[in-house]
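K.L.:
Quick note on UniProt numbering: the sequence shown kicks off at 1 and runs consecutively.
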Amino acid sequence: MTIKIGDTLPEGTLSEFIETETEGCSLGPNTFNVQDLVKGKKIAIFGLPGAYTPTCSAQHVPGYVKHAADLKAKGVDEIWCISVNDAFVMGAWGRDQKATGIVRMMADGNAAYSKALGLDADFSKFGMGTRSQRYSLLVDNGVVTQLNIEQGGKFEVSNAETLLAQA
1 MTIKIGDTLP
11 EGTLSEFIET
21 ETEGCSLGPN
31 TFNVQDLVKG
41 KKIAIFGLPG
51 AYTPTCSAQH
61 VPGYVKHAAD
71 LKAKGVDEIW
81 CISVNDAFVM
91 GAWGRDQKAT
101 GIVRMMADGN
111 AAYSKALGLD
121 ADFSKFGMGT
131 RSQRYSLLVD
141 NGVVTQLNIE
151 QGGKFEVSNA
161 ETLLAQA
């Protein structure tokens, strides 16, 4: 079942590579409970098939980095990028994309969270296995208020500009 507007995000965990050790977060991969992270926050989330892939690297992540201040001006507390990659890859990709401190690069290593959202996709024909569909959503205190799911191979509705207009 695919998540829809009005639904509460499913329980689950995502991992993030932490660049700087702080109280409660050690250097390196840290696993977070999604329900804890979304409490009392408005979060822009976008999912994509994979780190370092062409559309994801050239358009999807850069758009959210570019429009981060605009999203924050509309009350968005955090921006997350979810991809079926490990936290090490997501951390390196975030540095490469100059997203560190702007977009939280959240790893869904086994696609468990993408499956829980009903937004997983079979990319086996490309040698990539189970991945995430390309989408964006806006969450307010854990409840989905906007949802944009791309049709296969498209990049038309999950971009930062669309979600910014909906925020």
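From the three backbone atoms N, C-alpha and C, an ideal C-beta is built for every residue, glycine too.
I'd like to confirm the pairing. Which residues does DSSP put opposite A121 in its beta bridges?
P.N.:
Paired residue(s): R131.
K.L.:
Between which two residues does the beta strand (DSSP E) holding P29 run?
P.N.:
That run of the beta strand (DSSP E) goes 28-33.
K.L.:
What span of residues does the beta strand (DSSP E) with G47 cover, start to end?
P.N.:
Here the beta strand (DSSP E) through G47 covers 42-48.
K.L.:
Give the DSSP bridge partners of Q83, in chain order.
P.N.:
It should be pointed out that residue 83 corresponds to Ser in this sequence rather than to Gln. Paired residues: L48, A107.
K.L.:
Based on the DSSP output, what are the partners of Q146 in its beta bridges?
P.N.:
DSSP output for Q146 lists L138 as bridge partner(s).
K.L.:
For E161, is the classification buried or exposed, using 16 other Cβ atoms within 10 angstroms of its Cβ as the cut-off for buried?
P.N.:
The residue is exposed, with fewer than 16 neighbouring Cβ atoms inside 10 Å.
K.L.:
How far does the alpha helix (DSSP H) with E161 in it reach, from first residue to last?
P.N.:
160-166 is the extent of the alpha helix (DSSP H) around E161.
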